[in-house]
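The block underneath contains the structure these notes are about, expressed in structure tokens.
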Amino acid sequence: MIENVDRLKQVNKVTLVGFFTNLLLSVGKIMAGIVGKSGAMLADGIHSLSDFVTDIIVLVFIRASSKERDGDHHYGHGKFETFATMLISFGLMVVGVGIFWTGLQKVISALKGEIITQPGIIALVAALVAILLKEGLYWYTIKTGKRINSSAVIANAWHHRSDAFSSVGTAIGISGAIFLGEKWRVLDPIASIIVSLFIVKVAWDLANPSVKELLESSLPKKLEDEIAATIQGVSGVKAYHNLRTRKIGNYFAIEVHVKVDKELSVEAAHMIATEVERQMRDKYGRQTHIGVHIEPYYDSVHETVSAPLNNH
Numbered sequence: 013m014i015e016n017v018d019r020l021k022q023v024n025k026v027t028l029v030g031f032f033t034n035l036l037l038s039v040g041k042i043m044a045g046i047v048g049k050s051g052a053m054l055a056d057g058i059h060s061l062s063d064f065v066t067d068i069i070v071l072v073f074i075r076a077s078s079k080e081r082d083g084d085h086h087y088g089h090g091k092f093e094t095f096a097t098m099l100i101s102f103g104l105m106v107v108g109v110g111i112f113w114t115g116l117q118k119v120i121s122a123l124k125g126e127i128i129t130q131p132g133i134i135a136l137v138a139a140l141v142a143i144l145l146k147e148g149l150y151w152y153t154i155k156t157g158k159r160i161n162s163s164a165v166i167a168n169a170w171h172h173r174s175d176a177f178s179s180v181g182t183a184i185g186i187s188g189a190i191f192l193g194e195k196w197r198v199l200d201p202i203a204s205i206i207v208s209l210f211i212v213k214v215a216w217d218l219a220n221p222s223v224k225e226l227l228e229s230s231l232p233k234k235l236e237d238e239i240a241a242t243i244q245g246v247s248g249v250k251a252y253h254n255l256r257t258r259k260i261g262n263y264f265a266i267e268v269h270v271k272v273d274k275e276l277s278v279e280a281a282h283m284i285a286t287e288v289e290r291q292m293r294d295k296y297g298r299q300t301h302i303g304v305h306i307e308p309y310y311d312s313v314h315e316t317v318s319a320p321l322n323n324h
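Throughout the sequence shown, residue numbering follows my numbering, covering 13 to 324 in sequence.
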């Protein structure tokens with residue numbers, strides 16, 4: 013498990029690389045849009061500016077989530093990262109809907125006979141450079157996010173890719189406008205509509221688990237089954253019930269009632285509970301929040317080896 017200090021350093025590094033790359037791209041795209049008389053490139057440049065907001069969100073909220081638990085936050089500050097992921101996903105959704113609406117208006121205008129201005133070559137070059145840089149930034153960020161298990165960094169990576177796909181749509185539209193003639197200039201807004209749908213889908217995929225976590229949803233059943241198997245595998249555990257789970261930022265919170273031999277001493281029962289906690293932390297990280305309640309086990313027909321996992 014990556015320690016908080018090292019994790020924070022990696023988050024800062026990958027986010028700052030993205031921040032300065034976005035700065036150069038945004039300025040370059042806006043200038044290319046103005047000089048090349050390309051509304052699509054100008055809009056793409058403005059879209060890139062939204063990445064600054066997400067980079068700042070990641071830097072601020074990840075730093076907050078890395079703080080140790082204190083008197084006001086007994087379960088730590090992990091939800092700050094979850095909240096950051098949700099904000100990024102909502103930002104992506106707004107960008108996607110905005111691109112869709114703008115593209116739709118342009119298509120409608122073109123169908124009514126409005127002539128779309130032909131862009132210059134500089135706009136196409138800027139779009140191609142943006143695609144290469146943002147796709148490279150996506151892979152660099154997504155690998156770091158998965159390595160340190162950060163949902164906010166992964167969300168930011170998808171924001172980079174959304175910018176790359178936006179530039180793909182821009183490049184297609186600009187290419188059609190330059191090389192295929194006046195009537196094909198409508199390819200620009202059509203491509204942007206297609207890209208916007210992809211961006212909205214990615215935003216939803218990122219927002220859904222974040223909202224569930226903030227609403228205290230349980231961990232996935234597959235993960236709960238794994239937790240249950242680990243608990244049952246601890247020597248001395250006769251049965252368990254009232255398994256409750258949730259996610260707190262980058263960590264899990266697990267609470268369970270464990271039944272042990274009623275003849276055991278308090279010390280022996282405590283050792284079993286300690287072993288359950290140790291195995292949970294070995295498996296899911298030392299920051300895992302674990303609450304084990306010990307109960308006596310009575311060997312009768314009323315006892316079960318384990319209670320259903322949906323009993324929480």
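Glycine is no exception: its CB is placed at the ideal position from the N, C-alpha and C atoms. It should be emphasised that the depicted structure is a prediction, and the values quoted were computed from it without experimental measurement.
Between residue 293 and residue 300, the alpha-carbon positions lie close to 6 angstroms from each other. In the DSSP assignment, no residue is bridged to residue 182. A distance below 7 angstroms separates the beta carbons of residue 132 and residue 48.
Going by beta carbons, residue 288 and residue 304 fall inside the 7 angstroms limit. With distances taken between CA atoms, residue 253 lies nearest to 306 out of 263, 60, 306, 199.
In this structure, the CA atom of residue 115 is about 54 angstroms from the CA atom of residue 243. With respect to residue 120, residue 204 sits apart: the two C-beta atoms are not nearer than 7 angstroms. Scanning its chain for C-beta atoms nearer than 6 angstroms, with the 5 sequence neighbours on each side dropped, one finds around residue 267 the residues 256, 303, in chain order. Straight through space, the alpha carbons of residue 178 and residue 166 are spaced by roughly 18 angstroms. Burial check for residue 220: the Cβ neighbour count within 10 Å stays below 16, so the residue is exposed. With a contact defined as Cβ atoms closer than 8 angstroms, residue 169 and residue 45 miss out at about 25 angstroms. With fewer than 16 other CB atoms across the displayed protein chains lying within 10 angstroms of its CB, residue 21 is exposed.
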